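**Student:** Per our numbering, the very first residue in the sequence shown carries number 18; after that it's consecutive. Every residue gets a Cβ at the ideal spot worked out from N, C-alpha and C, and that includes glycine. Remember, predicted model here, so these are calculated numbers, not experimental data.
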Amino acid sequence: MANRVIGACGGSVDGAILAVLGVTFKPNTDDMREAPSLEILPALQAAGAHIRAYDPEGMAKAEPLLPGVEWCSGAYETMDDATAVIILTEWDEFRMLDLSRVRAALRQPLMLDFRNIYGTGEMSAAGFVYHSIGRSGVAAASIQSALENTA
Numbered sequence: 018m019a020n021r022v023i024g025a026c027g028g029s030v031d032g033a034i035l036a037v038l039g040v041t042f043k044p045n046t047d048d049m050r051e052a053p054s055l056e057i058l059p060a061l062q063a064a065g066a067h068i069r070a071y072d073p074e075g076m077a078k079a080e081p082l083l084p085g086v087e088w089c090s091g092a093y094e095t096m097d098d099a100t101a102v103i104i105l106t107e108w109d110e111f112r113m114l115d116l117s118r119v120r121a122a123l124r125q126p127l128m129l130d131f132r133n134i135y136g137t138g139e140m141s142a143a144g145f146v147y148h149s150i151g152r153s154g155v156a157a158a159s160i161q162s163a164l165e166n167t168a
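1. Are A36 and A79 close, meaning C-beta to C-beta below 8 Å?
2. With a Cβ-Cβ cutoff of 8 Å, do G39 and W88 count as a contact?
3. Mapping the DSSP letters down to three states, classify A168 as helix, strand or coil.
4. Roughly how far, in whole angstroms, is the beta-carbon of P126 from the beta-carbon of F145, given that I think they are within contact range, below 8 Å?
5. My output table needs one value for Y135: the three-state DSSP class, helix, strand or coil.
6. Look at the alpha carbon of I104 and the alpha carbon of K43, and state the distance between them as a whole number of angstroms.
7. What's the call for A33, buried or exposed, on a 16-neighbour Cβ count within 10 Å?
8. Measuring alpha carbon to alpha carbon, tell me which of P81, D31 and G28 ends up nearest S54.
9. I'd like to confirm the pairing. Which residues does DSSP put opposite L129 in its beta bridges?
10. What did DSSP end up calling E74 once you bin it into helix, strand or coil?
11. Thinking C-beta only, is R124 closer than 8 Å to A99?
12. If you draw a straight line from the alpha carbon of M18 to that of I57, how long is it in whole angstroms?
13. If you drop the 5 nearest sequence neighbours on each side, which residues of the same chain put their C-beta closer than 8 Å to that of P59?
14. Have a look at S29 and E74 and give me their C-alpha separation to the nearest angstrom.
15. I need the DSSP call for A142, collapsed to helix, strand or coil.
Quick look at the structure:
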């Protein structure tokens with residue numbers, strides 16, 4: 018999955034700030050056993066990314082397992098001037114993000130939703146370049162339009 022992030026970011030995350038929402042194995046727990054974040058985040062760091070992360074319950078257990086991650090006190094804090102936002106755990110509060118606020122906070126309107134909590138039509142209408150798992154993304158045709166709308 019780290020390679021999907023790198024590809025979505027144009028082939029490199031060196032120097033990128035990546036906002037990560039959710040690090041636990043599943044929502045409503047602090048369980049880090051077999052959490053995808055344990056493989057994805059170190060791989061992105063090794064590729065040169067700076068990771069900012071927020072998880073409603075799991076940060077205390079995740080911090081010693083994910084050194085070098087900047088832990089934030091809320092979802093929107095992770096996104097301030099970030100290259101992309103990545104959803105790794107489907108917490109309810111991530112389903113209710115103010116997409117206008119998310120878009121305004123990011124350097125570019127790029128979201129990787131590895132839990133499929135948003136619809137492609139919704140994200141296209143909100144002006145995002147949107148990647149999800151197992152379904153068509155909002156990408157090539159809308160990238161230029163989305164980037165132009167951020168200027």
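**Tutor:** According to the structure shown:
1. Here the question's residue 36 lines up with position 19 in the sequence shown. Here the question's residue 79 lines up with position 62 in the sequence shown. With a cutoff of 8 Å on beta-carbon distance, A36 and A79 are scored as not near each other.
2. Position 22 of the sequence shown, counted from the start, is the residue given in the question as residue 39. Position 71 of the sequence shown, counted from the start, is the residue given in the question as residue 88. No, the pair does not count as a contact, with Cβ atoms beyond the cut-off.
3. The count along the sequence shown starts at 1 and reaches residue 168 at position 151. Confidence at A168 is low in this model, with a pLDDT of 44, below 50, so the placement of that residue is unreliable and no value is reported for it.
4. Locating residue 126 in the sequence shown gives position 109, where the first residue counts as 1. Locating residue 145 in the sequence shown gives position 128, where the first residue counts as 1. About 4 Å separates the two Cβ atoms, so the contact holds.
5. Within the sequence shown, residue 135 is the residue found at index 118, counting from 1. Y135 falls in the coil class under three-state DSSP.
6. In the sequence shown, residue 104 corresponds to position 87, counting from 1. In the sequence shown, residue 43 corresponds to position 26, counting from 1. Approximately 12 Å between the Cα atoms of the pair.
7. Here residue 33 is taken as the residue at index 16 of the sequence shown, counted from 1. Its Cβ being crowded by 16 or more others within 10 Å, A33 is buried.
8. Here residue 54 refers to the residue found at position 37 when the sequence shown is read from its first residue. Nearest of P81, D31 and G28 to S54, Cα basis: P81.
9. Residue 129 sits at position 112 when you count from the first residue of the sequence shown. Answer is I103 and H148, bridged to L129.
10. The count along the sequence shown starts at 1 and reaches residue 74 at position 57. It is coil, neither helix nor strand.
11. Here residue 99 corresponds to residue number 82 of the sequence shown, with the count starting at 1. Here residue 124 corresponds to residue number 107 of the sequence shown, with the count starting at 1. Result yes, Cβ atoms of A99 and R124 sit closer than 8 Å.
12. The count along the sequence shown starts at 1 and reaches residue 18 at position 1. The count along the sequence shown starts at 1 and reaches residue 57 at position 40. Whole-angstrom Cα-Cα distance: 6 Å.
13. As a first step, residue 59 is located in the sequence shown; it is residue number 42 there, counting from the start. Contacts found: L83.
14. As a working mapping, residue 29 is identified with position 12 in the sequence shown. As a working mapping, residue 74 is identified with position 57 in the sequence shown. Distance between the alpha carbons of S29 and E74: 30 Å.
15. As a first step, residue 142 must be located in the sequence shown, where it is residue number 125. Helix at A142.
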